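Those sequence lines, one after another, are chains X and G. Numbering of the first sequence is given in our numbering, commencing with residue 27 and proceeding in unit increments. Numbering of the second sequence is given in our numbering, commencing with residue 27 and proceeding in unit increments. Please read the structure below before turning to the comments.
There are 2 protein chains.
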Amino acid sequence: MSKKTVIGLLGLGTVGSGTLKVLNKFDNIIIKNIAVRDTNKKRNIEGLDNNILTTDAEMLVNDPDIDIIVEVMGGLHPAFELIKKALQNGKHIVTANKDLIAKHGEDLFSLAKENNVVIMYEAAVAGGIPILMPLRQSLSGNSITKIAGIMNGTTNYILTKMESEGSEFNAVLKEAQELGYAESDPSGDVQGHDAANKISILASLAFNKKVDVDKIYREGIDYISPIDISYASEFGYNIKLIALAQETKDKALDIRVHPMLISKKHPLAHINDVMNAIVVEGDAVGQVMFSGPGAGEMPTASSVTGDVLSIASELGINEYPLPMMRNNHSTNAVQLKIDDSRSRYYIRVNTDNLPGVIGDLGLTCGRKGINLCSIIQKGLLPDGTARIVLLTALAYEKDIQEALKEMYQKRTMKRVENVIRVMD
Amino acid sequence: MSKKTVIGLLGLGTVGSGTLKVLNKFDNIIIKNIAVRDTNKKRNIEGLDNNILTTDAEMLVNDPDIDIIVEVMGGLHPAFELIKKALQNGKHIVTANKDLIAKHGEDLFSLAKENNVVIMYEAAVAGGIPILMPLRQSLSGNSITKIAGIMNGTTNYILTKMESEGSEFNAVLKEAQELGYAESDPSGDVQGHDAANKISILASLAFNKKVDVDKIYREGIDYISPIDISYASEFGYNIKLIALAQETKDKALDIRVHPMLISKKHPLAHINDVMNAIVVEGDAVGQVMFSGPGAGEMPTASSVTGDVLSIASELGINEYPLPMMRNNHSTNAVQLKIDDSRSRYYIRVNTDNLPGVIGDLGLTCGRKGINLCSIIQKGLLPDGTARIVLLTALAYEKDIQEALKEMYQKRTMKRVENVIRVMD
């Protein structure tokens, strides 16, 4: 492997700086140019040669010396156009851009295939955790049945803090923003957009089908209260924002992102703070879990560099790089509608304190074919009303929604305060 | 990838049967022959064509039609000789044989290199958990600083049961033997030989050096008592059999297998029953963990098949398979002696109930430069003696041994009942 591999780096923010530091350790890698917005900006990056900075990103994707374009600028544009041009020019791509891969991955994969090059994006899902290559290689003998994970560090940090301190969502969010764990506009994390991009990428790879990220059902964590966390704990569960993709019997894909009560016996229940983890279930392997830092300068750089070195190592020997790195999703996934999905449910309601209230709840659920597994009511609230928490058996979302509608029509019902899905 | 890959399978025991079932799902894989000890043995394996069974393993390794030899017979001989012949005949190897790779890996890797073929052995470490390929690829940008794991399911099952039931080692071992989780001669598992083979393979890959498995320090779990497990829990720890490999400042490798108190805050503390898990620490990624089933028919078959498909996929396009699958350990590791290793220690002693006993223990440790962090004594035992448990700060093994020797010379000391290392 004496051949040197020449890199053009697009972007020199947090991930770009880390990538530069890590790639600099490898003698067989040459970073020829780095495209930035402002070459005069004061940067304090060890080992940075200011002479290779340029504002002309087009120059990099057109440079015949460059073997691999490493895109760590983020955002859809101009990253999309630059990568397309690079692919047309026969360059391999390594990217950490989850928005781009989730939204335009399939266009890029086709273009890569036409041009006999590869696109690698390990860093786009769960930062430093190796997950895409294990799915493509070590686990390739499996029919994957389910992927479930904690794929967003910000929301996991918030939920962990809410649990350990009993604090309200808004208070912890503010604290997370001050610590730099949450952005000033936190909706991308809190509303599950970020996790949806990641599960979209994973599902497309694991089930070998094109997934439409815009069809993924999403709920955020902003409606979770410390009351729910405390009841969940009493039932033996923690609450986590889960990104989920599973195949139904009819080969439809049930993909969603929402908070869930996770059984404390499940390995995901113990993934705390900003850590990420992904559980993969396959017909042969059973269940394996990958956990670690899902973001950050150096962990993300670790994954970007792993991809670069994998391509570089192959280029040293073979004309065409790893077939295992290729992406061929020729069929569109049939994506299950949320109404047709099945879960167990946690339902917290507030009712008048009258005889027959619990019986009514039970009958309403029963009429929709929903079995109740557990129920908690502890005395009365200070205002004289009752807080009742139900855990259901596996039920269809549409039946749950109808039961909730019916509950609301009861005179005794004041509020359905929360409905959260459950994973055992 | 229309080219079909032809397999010769050596062995049709538990792992062999699973491998056959999984490989049969893939149209591009043809299993030409399976070498077994007895072709007439009654086998109940779905999809098995009895006509491809043979007792002539030599025939397979010499068959020019066969691209990959999959060795799942286990044991050193004749597996070693057969694989050598296969390599000389230009065949790729996939094996689940940890004893063989730990003992003769380097000979085989050199022979593979000479013959421009690869040996893959994902299944040899931690069964179904992808760990070798992630180390070679996704994490290849890292300097690995430490690997620590629970790599033996039998001992983890025993320790988990001892913890949950408060039972003695011998009782749980017997139960595990009845359930088929432990062998009739359990020493390979219980004494840490199995885990030593696995950490030897991992360390050699992660630190890119030849490791001598016979130099790895080992202690079994048979001296762990429910008393230790209960004290550990009080200090905030669980007890696990840990296989550990870390690089010292002088680039020596500190590799050992022994029980450890693992902080309940460490992800390994929550890996229970027969599950395995491996934590990898790298300079860029920080800490990542891989967990799942470390043995069993189908999980092991999952890893074997992943290796077969990786080679097959590459053979469809390129003349030579994945450079990332190659093994080049040209330097021998300097392996640290146990005396020079550093740990925190848990020490449980039984002493006379006399004034100054605790002070004496403290002074003895102090003279060797060992700081004590915690100490527990709760009243007296029924026989009027005292049980005292110490937790030390980081100390050299040789200082601990000298301190223990000195403690023994005190008139008041009855027994040093247990010494266990600690990981935070």
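Note that the Cβ used here is the ideal one computed from N, Cα and C, for glycine as well. Since the model is a prediction, treat every value here as computed from it, not as a measurement.
Residue i: first and last residue of the uninterrupted beta strand (DSSP E) it sits in
{"i": "A174(X)", "result": "I170 to I176"}
{"i": "R413(X)", "result": "A412 to T418"}
{"i": "E307(X)", "result": "M301 to G308"}
{"i": "F316(G)", "result": "G312 to P319"}
{"i": "L131(G)", "result": "Residue identity differs from the one stated: residue 131(G) is Gly in this sequence, not Leu. Segment K124 to E140 is the alpha helix (DSSP H) holding G131(G); no beta strand (DSSP E) there."}
{"i": "A149(G)", "result": "Looking at the DSSP string, A149(G) is not in any beta strand (DSSP E), and its letter there is neither H nor E."}
{"i": "A61(G)", "result": "I55 to A61"}
{"i": "G34(G)", "result": "T31 to L36"}
{"i": "E97(G)", "result": "I94 to E97"}
{"i": "L394(G)", "result": "A quick correction: the sequence has Lys, not Leu, at residue 394(G). Unbroken run through K394(G): none, as it is neither H nor E."}
{"i": "N376(X)", "result": "R368 to T377"}
{"i": "K440(X)", "result": "M439 to M449"}
{"i": "T81(X)", "result": "Note, T81(X): premise wrong, no beta strand (DSSP E); not H, not E."}
Bounding residues of the alpha helix (DSSP H) (the contiguous stretch that carries residue i)
{"i": "F195(G)", "result": "F195 to E204"}
{"i": "T357(G)", "result": "T357(G) -> no alpha helix (DSSP H), and no H or E assigned at all."}
{"i": "E323(X)", "result": "E323 to L341"}
{"i": "D280(G)", "result": "It is not in any alpha helix (DSSP H) - D280(G) instead sits in the beta strand (DSSP E) that spans L279 to S289."}
{"i": "H292(G)", "result": "Note, H292(G): premise wrong, no alpha helix (DSSP H); not H, not E."}
{"i": "Y183(X)", "result": "G179 to E191"}
{"i": "Y257(X)", "result": "P252 to F261"}
{"i": "S210(X)", "result": "Taken as a continuous stretch (DSSP letters only), S210(X) belongs to no alpha helix (DSSP H), as it is neither H nor E."}
{"i": "E432(X)", "result": "E423 to Q435"}
Closer than 8 angstroms at the beta carbon, the chain X residues around residue i
{"i": "N54(G)", "result": "Those do not exist, as N54(G) stays about 12 angstroms from chain X at its closest Cβ, beyond 8 angstroms."}
{"i": "H296(G)", "result": "P293 and H296"}
{"i": "P285(G)", "result": "What P285(G) touches in chain X: nothing, since even the nearest Cβ is about 22 angstroms away."}
Inter-residue Cα distance where the pair is residue i and residue j
{"i": "Q203(G)", "j": "K47(X)", "result": "52 angstroms"}
{"i": "R63(G)", "j": "T81(G)", "result": "6 angstroms"}
{"i": "M27(G)", "j": "P156(G)", "result": "With a pLDDT of 43 at M27(G), under the threshold of 50, the predicted position of this residue should be treated as unreliable, though the coordinate-derived value follows. Computed Cα separation, rounded: 24 angstroms."}
{"i": "L341(X)", "j": "A83(X)", "result": "24 angstroms"}
{"i": "K129(X)", "j": "K29(X)", "result": "35 angstroms"}
{"i": "V383(X)", "j": "S251(X)", "result": "24 angstroms"}
{"i": "I426(X)", "j": "G320(X)", "result": "34 angstroms"}
{"i": "R162(X)", "j": "G312(G)", "result": "23 angstroms"}
{"i": "V448(G)", "j": "H292(G)", "result": "12 angstroms"}
{"i": "G318(G)", "j": "V151(X)", "result": "20 angstroms"}
{"i": "K394(X)", "j": "D276(X)", "result": "23 angstroms"}
{"i": "M301(G)", "j": "G179(G)", "result": "6 angstroms"}
Cβ separation of residue i and residue j, assumed to be a contact under 8 angstroms, to the nearest whole Å
{"i": "D215(X)", "j": "A222(X)", "result": "Incorrect: roughly 11 angstroms between the Cβ atoms, too far for contact."}
{"i": "L430(X)", "j": "V415(X)", "result": "Actually they are not in contact, since the Cβ atoms of L430(X) and V415(X) sit about 14 angstroms apart, beyond 8 angstroms."}
{"i": "I281(X)", "j": "V237(X)", "result": "7 angstroms"}
{"i": "G308(G)", "j": "L165(G)", "result": "6 angstroms"}
{"i": "S193(G)", "j": "G131(G)", "result": "That belief does not hold up - the Cβ atoms of S193(G) and G131(G) are roughly 38 angstroms apart, past 8 angstroms."}
{"i": "S329(X)", "j": "N168(G)", "result": "The Cβ separation is near 10 angstroms, so there is no contact."}
{"i": "P325(G)", "j": "G153(G)", "result": "5 angstroms"}
Per-residue contacts from residue i into chain G (C-beta, under 7 angstroms)
{"i": "N168(X)", "result": "S328"}
{"i": "L165(X)", "result": "P156, S328 and G332"}
Beta-carbon proximity list for residue i, same chain, < 7 angstroms, skipping 5 on both sides
{"i": "T186(G)", "result": "N298 and D299"}
{"i": "L86(X)", "result": "G34, L36, N59, A61, I92 and I95"}
{"i": "E443(G)", "result": "R374, V375 and N376"}
{"i": "E72(G)", "result": "K47"}
{"i": "C391(X)", "result": "L398, T418 and A429"}
{"i": "T40(G)", "result": "E323"}
Same chain, Cβ closer than 6 angstroms to residue i, neighbours up to 5 away in sequence not counted
{"i": "C399(G)", "result": "L417 and A419"}
{"i": "D333(X)", "result": "V120, M146 and E148"}
{"i": "A105(X)", "result": "E97, M99, N123 and L126"}
{"i": "K424(G)", "result": "D365"}
{"i": "V198(G)", "result": "I184, K187 and M188"}
{"i": "A258(G)", "result": "I265 and L287"}
{"i": "L79(X)", "result": "I60, V62 and T65"}
Spatial neighbours of residue i in its chain, beta-carbon cut-off 8 angstroms, leaving aside the 5 residues before and after
{"i": "K266(X)", "result": "I176, N182, L185, P285, M286, I288, L294, A295 and I297"}
{"i": "V283(X)", "result": "G218, A221, A222, I225, I242, Y243, R244, E245, L267, I268, A269 and L270"}
{"i": "G410(X)", "result": "N379"}
9 angstroms Cβ cut-off: residues of chain G touching residue i
{"i": "M159(X)", "result": "P156, M159, P160, Q163 and S164"}
Interface partners of residue i on chain X, CB under 9 angstroms
{"i": "M99(G)", "result": "Per Cβ cutoff of 9 angstroms: no residues; M99(G) is ~20 angstroms from chain X at best."}
{"i": "Q403(G)", "result": "Residues of chain X passing the Cβ test: none, with the nearest at roughly 32 angstroms."}
{"i": "G312(G)", "result": "G154, G318, P319, G322, M324, P325 and S328"}
Neighbour list for residue i in chain G, Cβ cutoff strictly below 8 angstroms
{"i": "L231(X)", "result": "Ordered by position in chain G, no residue passes the 8 angstroms Cβ test against L231(X), which lies about 14 angstroms from the chain."}
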